[in-house]
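Basically the numbering used here = 1-based index in the sequence shown + 779. Glycine is no exception: its CB is placed at the ideal position from the N, C-alpha and C atoms.
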Amino acid sequence: SAATNTGNRSAATNTGYRSAATNTGDYSAATNTGYQSAATVEGANSIACGLGIENKARGIKGCWLILAEWVDDGWEKHLKSVKSVRVDGKKIKENTFYMLQGGKFVEAKED
Numbered sequence: 780s781a782a783t784n785t786g787n788r789s790a791a792t793n794t795g796y797r798s799a800a801t802n803t804g805d806y807s808a809a810t811n812t813g814y815q816s817a818a819t820v821e822g823a824n825s826i827a828c829g830l831g832i833e834n835k836a837r838g839i840k841g842c843w844l845i846l847a848e849w850v851d852d853g854w855e856k857h858l859k860s861v862k863s864v865r866v867d868g869k870k871i872k873e874n875t876f877y878m879l880q881g882g883k884f885v886e887a888k889e890d
């Protein structure tokens with residue numbers, strides 16, 4: 780499934796499996812909690828938030844990415860950590876999907 784928004788100071792939220800939340804407005808948020816899902820922001824001063832298992836997020840320079848990392852103990856999955864990072868265009872590239880692995884932001888493979 781997909782949730783898309785284009786207004787300033789707005790939100791696009793999704794919870795479905797392999798879904799996408801995209802926002803193009805300034806000062807906005809794209810949030811996703813579904814398994815293997817993606818959050819994208821294309822407006823200034825916005826936040827892309829992927830809190831589900833194997834989520835990825837991307838944004839333009841100046842935006843923030845918030846991602847969760849989960850671990851599987853063989854019985855169930857547990858939240859290991861949640862971290863944020865600012866897209867600076869150097870260490871964290873614009874319009875590039877990232878995942879949280881081993882407590883670090885790593886580039887995610889495109890599907």
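Please name the residue, chosen from the options, that lies closest to residue i on a Cα-to-Cα basis.
i, options, result
"N802", "R788, T794, Q815", "R788"
"F884", "G841, V850, R837", "R837"
How many angstroms separate the CA atom of residue i from the CA atom of residue j?
i, j, result
"K856", "E833", "11 Å"
"E873", "L844", "11 Å"
"A827", "E886", "15 Å"
What three-state label does DSSP hand residue i in the structure shown?
i, result
"C842", "coil"
Hey, would you say residue i sits closer than 9 Å to residue j, going by beta carbons?
i, j, result
"A799", "T812", "no"
"L858", "Y877", "no"
"N793", "T810", "yes"
"A808", "A790", "yes"
"I871", "V861", "no"
Which residues in the same chain as residue i place their Cβ atom closer than 6 Å to its Cβ, once the five residues preceding and following it in sequence are excluded?
i, result
"G786", "G804"
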